[in-house]
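The structure under discussion appears below in the form of structure tokens.
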Amino acid sequence: MKLLILDLDNTVRRPKSGAKFISTPDDQEIIPGSARAIAHYKSQGFLIVGATNQGGVAAGHKQLEDAIQEQYQTLRLCPEIWCIYFCPDYEGQFCWFCTLDPEEISTPIHLGWAANYQGSFRKPGAGMLNAAIENGLGSKNPEHQILFVGDRDEDKGAAEAANVNFLWASDWWESGAANL
Ligand SMILES: [Mg+2]
128 MKLLILDLDN
138 TVRRPKSGAK
148 FISTPDDQEI
158 IPGSARAIAH
168 YKSQGFLIVG
178 ATNQGGVAAG
188 HKQLEDAIQE
198 QYQTLRLCPE
208 IWCIYFCPDY
218 EGQFCWFCTL
228 DPEEISTPIH
238 LGWAANYQGS
248 FRKPGAGMLN
258 AAIENGLGSK
268 NPEHQILFVG
278 DRDEDKGAAE
288 AANVNFLWAS
298 DWWESGAANL
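Positions 128 to 307 (this note's numbering) are the ones given, in order, by the sequence shown.
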């Protein structure tokens with residue numbers, strides 16, 4: 128079983144407008160190196176999911192509904208990503224699960240099956256990664272191949288907290304190019 132967990136902002140997507148942050152759901156594009164790397168990992172049989180801090184909601188830069196629509200737009204632009212977990216608050220208490228899979232339901236999971244991880248959803252906490260592993264693989268098993276990719280120290284910290292392998296986004300982009 129193989130699971131690739133991706134940070135999203137500046138790892139997979141970036142603002143189309145050149146703004147510093149994505150502030151409206153449509154103001155985003157997939158980073159070309161990321162598209163190649165995703166295709167490569169997909170071909171290797173990885174289940175691919177996203178995990179993104181959305182502190183912009185807590186900061187008042189965007190509404191929760193916009194954050195949800197932003198994830199849907201990423202899933203439309205990048206259908207290889209099965210689902211996205213996002214944490215909208217600074218305390219890591221809340222986590223949403225977003226997917227376009229018709230057999231799944233997008234829902235807040237922080238009071239449901241992922242309640243055990245409450246308080247650690249926000250990276251560098253391990254909560255979103257552990258929820259992604261539980262939901263995607265069932266359990267953390269040494270036989271499983273799990274990789275988390277990100278562009279910031281908080282991503283590396285989350286990988287360490289969840290005890291999974293970590294790769295910097297820039298190195299991961301090259302892994303796709305090297306396998307074209
Ligand atoms: Mg990032």
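Virtual Cβ for every residue (Gly too), placed ideally from N, Cα, C.
Three-way DSSP call (helix, strand, coil) for residue 172 in this model: Translated into positions along the sequence shown, residue 172 becomes position 45. Three-state result, residue 172: coil.
Residues of its chain near residue 98, where Cβ-Cβ distance is below 6 Å and the 5 sequence neighbours each way are ignored: Any question about residue 98 goes unanswered here, given that the chain covers just 128 to 307.
The stretch 209-224 contacting the stretch 184-201, beta-carbon criterion three pairs below 8 Å: yes
Identity of the residue in 282, 184, 302 nearest residue 177 by Cα: Position 50 of the sequence shown, counting from 1, holds the residue named residue 177. When each option's Cα is compared against that of residue 177, the closest is 282.
Cβ shell of residue 246 (< 8 Å), same chain only, five flanking positions each side left out: Position 119 of the sequence shown, counting from 1, holds the residue named residue 246. Closer than 8 Å at the Cβ level, and outside the excluded window around residue 246, lie 218, 219, 220, 252, 254.
Where residue 197 falls, given that 16 or more other Cβ within 10 Å makes a residue buried: Locating residue 197 in the sequence shown gives position 70, counting from the first residue. By the 10 Å Cβ count, residue 197 comes out buried.
For residue 206, three-class secondary structure by DSSP: In the sequence shown, counting from the first residue as 1, residue 206 sits at position 79. Note: residue 206 maps to coil in three-state DSSP.
Beta carbon shell of ligand 1 at less than 7 Å from a heavy atom: 134, 135, 136, 137, 138, 277, 278, 279, 282
Segment contact, 8 Å Cβ cut-off, at least three pairs: the stretch 271-288 with the stretch 199-216: no
CA nearest to the CA of residue 132, picked from 240, 237, 207: By one-based count along the sequence shown, residue 132 stands at place 5. Of the candidates 240, 237, 207, the one whose C-alpha sits nearest the C-alpha of residue 132 is 207.
Sub-8 Å separation of residue 205 and residue 165 beta-carbons: Counting from 1 along the sequence shown, the entry for residue 205 is found at position 78. Counting from 1 along the sequence shown, the entry for residue 165 is found at position 38. Yes, the Cβ-Cβ distance between residue 205 and residue 165 is below 8 Å.
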